[in-house]
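If you want our numbering, it's the position in the sequence shown, counting the first as 1, plus 6.
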Amino acid sequence: MGMGLDKLVECLGGKLEKFILTVRYFTEKGYSIDKIKLLFQKGVFPYDWTNAWEKFNRTSLPPRKDFYSLLSQQNISKEDYEHAQKVWKIFEMKNFGEYHDLYLEIDVLLLADVFMNYTINLVLRKKSDLSDSDQIR
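Right under this line is the structure:
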């Protein structure tokens, strides 16, 4: 699993049944499946821009230029920014603090779903290997 969360989530193919933990968490919070499906991709966050507490009170998403990463030396794509704007609107964010919290929830839940799917696949593969070895005897 030597790849970033965005690629790992992409490998799950956007299939509802692959995001059991994410779906359970957000349905319990009262969100519809259509809204939840918007979260089946790694979100974007302006790490370098987030350098003061008062920014959490901002009532709109920062401009795309503020998502520039000093670490990677690049900005997010227009498509990723548009997706972030859509998430902000659909999930009715009141301020950047709420966006921050949603971003963290998504990040943790997507990673948990990736690990759960990985574990299930390992168990199924091991079970299959055991079944094959039983047939050889």
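Heads up, the beta-carbon is just placed ideally off N, CA and C, and yes, glycines get one too.
Quiz prompt | Top-ranked residue by Cα proximity to residue 1, from 89, 85, 17 and 103 | solution = Since the first residue of the chain shown is 7 and the last is 143, residue 1 is not available in this structure.
Practice problem: Assuming residue 11 and residue 116 form a contact by the criterion Cβ under 8 angstroms, report the distance between their Cβ atoms to the nearest whole angstrom. | Solution: As a working note, residue 11 is residue 5 in the sequence shown. As a working note, residue 116 is residue 110 in the sequence shown. Their Cβ separation, rounded to whole angstroms, is 6 angstroms, which keeps residue 11 and residue 116 in contact under 8 angstroms.
Self-check item: Cβ-based burial, residue 25 [other Cβ within 10 Å; buried from 16]
Solution: Here the question's residue 25 lines up with position 19 in the sequence shown. Counting Cβ neighbours within 10 Å, residue 25 comes out buried, since at least 16 surround it.
Quiz prompt | Buried or exposed (CB count within 10 angstroms, at least 16 for buried), residue 84 | solution = Against the sequence shown, residue 84 aligns to sequence position 78. When all chains shown are included, residue 84 counts as exposed.
Quiz item: Is DSSP giving residue 80 helix, strand or coil here?
Solution: Residue 80 sits at position 74 when you count from the first residue of the sequence shown. If DSSP states are grouped into helix, strand and coil, residue 80 belongs with the strands.
Quiz item: What runs of the alpha helix (DSSP H), each 4 residues or longer, lie entirely inside the region 89 to 129?
Solution: none
Quiz prompt | Residue from 125, 81 and 30 whose Cα sits closest to the Cα of residue 111 | solution = The residue you call residue 111 lines up with position 105 of the sequence shown. Among 125, 81 and 30, the Cα nearest to that of residue 111 is on 30.
Quiz item: Considering residue 30, what are the terminal residues of the alpha helix (DSSP H) in which it resides?
Solution: Position 24 of the sequence shown, counting from 1, holds the residue named residue 30. Start and end: 26 to 34.
Practice problem: List in chain order: all unbroken alpha helix (DSSP H) runs of 4+ residues lying wholly within the region 39 to 71. | Solution: 39 to 43
Exercise. Below 6 angstroms CB to CB, which residues in the same chain sit around residue 74 once its five sequence neighbours on both sides are set aside?
Key: Counting from one through the sequence shown, the residue named residue 74 turns up at place 68. Closer than 6 angstroms at the Cβ level, and outside the excluded window around residue 74, lie 81.
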